[in-house]
Structure formats: structure tokens, C-alpha cells
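The structure appears below as C-alpha cells.
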Amino acid sequence: RHYRETLSFYSCTVSEFEQRIIRSFFQGGHYERHLNRMRLVYKKKRDALLEGLSPLRPALSVGGVRAGLHLLLHVQGLSEAALVSRAAARGVRVYPLSHYHWGPPPPSHTVVAGYAGHTADTLRQAARRLVEAWG
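The sequence shown begins at 13 in our numbering and counts up one residue at a time.
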């Protein structure tokens, strides 16, 4: 009621058909089931990467384990630039955390490693390469 009274003059850019499909998707519990499936898929990928990186412990610290589809990797004794360049030399792309900082970046020794777009096997291979590069 409030929407119709205050905002009904706006033109809707999503067709009614698409809105009904999405409503049905949510009401039928399909979205929740999808999220649960995806959590399991991404957990397996994350776990494969973490398992592969375990030989680097205790020099490796990992952040962001429950914060998305990436990990923050910090290896004692290696600068951010060294982490990125050594990984690249082994064919693995990681990203400097400092690139995600607003304003002048603080000194960082941490890189971002995404895992969403890879298979568990590919992530295990990448982890082996990172162990070689950083170990």
C-alpha cells in the first residue's frame, strides 16, 4: 500500500512475468536450496585450496576464510610484490591486497586469492605451485 501511494508513478523496468517467476522461485524455497548447494560447492573448493597450502604453515596465515569467495594469504618473510611475482612465475595469479585499499595503500604483505571460478583439482595444482613459489 505504501509503495502504491508514494512510488507508483515510477515505471517498472522488470516485466511482470519475470517478477512472478522470481517470486515463485523464492516462495518455493528454490533460492534457499540453491544457496545451500552453492555453499557446499564453494566450501569444497576453498578446502581444496587450503589443504594444498598447508605445507606452508606455520609461515602462512590465512584470513577471510568465511568472508566470500577469496582468501587473504600472508606468508612471513615475503613482501606483497614478492608473493605476486613468485606466484606469477609459477603460472598462478594472486592480487595485492594493497590494490583494494581506498587512498594511499598501507604497507602490505598480503595477497588475495580467489577460488570461485576454478575446480578443486585446479586449486590443488595452484596450491602446489604456490608452495613451490613461496616455500
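Glycine residues also receive a C-beta, built at the ideal position from the N, C-alpha and C atoms.
Query                                                                                                                                    : Result
From 91, 25 and 65, pick the residue whose C-alpha is nearest to that of residue 140; which is it?                                       : 65
If we call anything under 8 Å between Cβ atoms a contact, is residue 99 one with residue 145?                                            : yes
Quick check: the region 98 to 115 against the region 25 to 33, are there 3 or more CB pairs under 8 Å?                                   : no
Pairs of beta-carbons, one from the region 55 to 65 and one from the region 79 to 93, closer than 8 Å: are there three or more?          : yes
Do residue 123 and residue 107 count as a contact pair if the criterion is CB distance below 8 Å?                                        : yes
Apart from the five residues on each side of it in sequence, which residues of its chain come closer than 7 Å, Cβ to Cβ, to residue 120? : 92, 108, 109 and 110
Do residue 57 and residue 135 have their CB atoms nearer than 8 Å?                                                                       : yes
Report the option in 147, 26, 24 and 137 whose CA atom is closest to the CA atom of residue 90.                                          : 147
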